[in-house]
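Colleague:
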Amino acid sequence: MNELEEKKKQIIGIYSEMRLSMELHELGWQVHRAYFNEDIKFIIIKYWCPKCKKYNNQWIRHKKHNGKTIKCVTNLCKCCKKTELQVISRYLQVKTSEGIATNKENVRNFSFHPKIRYNMGKEVFYVWIAVFDGKYDKICHYYILNTKDVEKFDNINLPTYQITDNQKTELPIREDGTVLKKGSAATGYDYSVFNTKFYYNFRALEIETKNALT
Ligand SMILES: [Zn+2]
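Heads up: the sequence shown begins at 604 in our numbering, then just goes up one per residue.
#1: CA-CA distance, I643 and T750?
#2: For T809, report the span of its alpha helix (DSSP H) as first-last.
#3: What did DSSP end up calling T817 once you bin it into helix, strand or coil?
#4: Determine the burial state of Y729: buried for a count of at least 16 other Cβ atoms within 10 Å of its Cβ, exposed for fewer.
#5: What is the C-beta distance between S692 and I663, in whole angstroms, given that I count them as a contact (C-beta under 8 Å)?
#6: Which residue marks the beginning of the beta strand (DSSP E) containing I647, and which one marks its end?
#7: Beta-carbon within less than 8 Å of T672's beta-carbon, same chain only, minus the 5 sequence neighbours each way: which residues are those?
#8: Please name the residue, chosen from C743, R806, S624 and G670, that lies closest to I646 on a Cα-to-Cα basis.
#9: Ligand 1 heavy atoms versus the CB of K654: any closer than 6 Å?
#10: Considering just the uninterrupted stretch of the beta strand (DSSP E) at S624, what are its terminal residues?
#11: Given the structure, does T677 come close to ligand 1, in the sense that its CB is under 6 Å from one of the ligand's heavy atoms?
#12: Is T772 near ligand 1, judged by its Cβ being under 6 Å from some heavy atom?
#13: Near F797, which residues of its chain fall below 6 Å by C-beta distance, leaving aside the five closest residues on each side in sequence?
#14: Comparing alpha-carbon positions, which option in V727, A788, T705 and K698 lies nearest F715?
#15: Do you know offhand how far K785's Cα is from L607's?
#16: In the DSSP assignment, find the unbroken beta strand (DSSP E) run with N722 in it and report its ends.
#17: I need the DSSP call for K751, collapsed to helix, strand or coil.
#18: Applying the 10 Å Cβ sphere with the 16-neighbour rule, what's the burial state of G616?
#19: In whole angstroms, what separates the C-alpha of F544 from that of A704?
#20: May I have the straight-line CA-CA distance separating V676 from Y739, to the nearest angstrom?
#21: According to DSSP, is N798 helix, strand or coil?
#22: Can you tell me whether T686 sits near ligand 3, meaning its C-beta is under 6 Å from at least one heavy atom of the ligand?
Right, here's the structure in full:
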């Protein structure tokens, strides 16, 4: 890759991360970005009230002090005013690609290298972003999956799997975001999960509590 291509890749990365952070912010997440280019790019946070069973902000108490009204930040839920909020955090590894042209005009080939190749528990997620040229602006397609979901479409038990450049997940993606790779019945790996489960799945980041989103 020459210098110009390298720079373009960096710019696309920054652009898509900005778009992603806007999406997350709209959904009520505070977004924190890694200072250096680490495996985990974003740490995102929300406050959860276990009593109200929903996300709430901190209650700010107004008190009189020496004749003045002062603001007092608490760690309590602003709705019920008596329950300590829990911090819900998610760790995101973000990968962006513009893909490589194929012989079909509206299909590009993407390859993602997951840097974390094992189940890291319920709080660690990949966000894979496929970027296409739209008519007026870039189009970002987001595929959001937990690290444990990699085994749905890839064999993470291969001895070579942990070697970074050995294993890439290659996905032909149409400009509407549809992943065209099918997988095979013989191996049991099924790439259709990218369309049915991972595509735009920001809900996966929410906590697994009944009625969490109500
Ligand atoms: Zn509450």
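Built from N, CA and C at the ideal position, the CB exists for glycine as well.
Modeller: So, from the data block:
#1: 12 Å
#2: At residue 809 the sequence reads Glu, which differs from the Thr that was named. It is not in any alpha helix (DSSP H) - E809 carries neither H nor E in the DSSP assignment.
#3: Because T817 sits at a pLDDT of 41, beneath the cut-off of 50, its placement in the model cannot be relied upon, and the following sentence gives the value as read from the coordinates. Looking at T817 - three-state DSSP - the assignment turns out to be coil, as it is neither helix nor strand.
#4: buried
#5: Actually they are not in contact, since the Cβ atoms of S692 and I663 sit about 22 Å apart, beyond 8 Å.
#6: F645 to C652
#7: H665 and K666
#8: S624
#9: yes
#10: Taken as a continuous stretch (DSSP letters only), S624 belongs to no beta strand (DSSP E), being part of the alpha helix (DSSP H) at E606 to E629.
#11: no
#12: no
#13: Y746 and V782
#14: K698
#15: 34 Å
#16: Note, N722: premise wrong, no beta strand (DSSP E); not H, not E.
#17: helix
#18: buried
#19: Since the first residue of the chain shown is 604 and the last is 817, residue 544 is not available in this structure.
#20: 44 Å
#21: helix
#22: You won't find ligand 3 in this model; what it holds is ligand 1.
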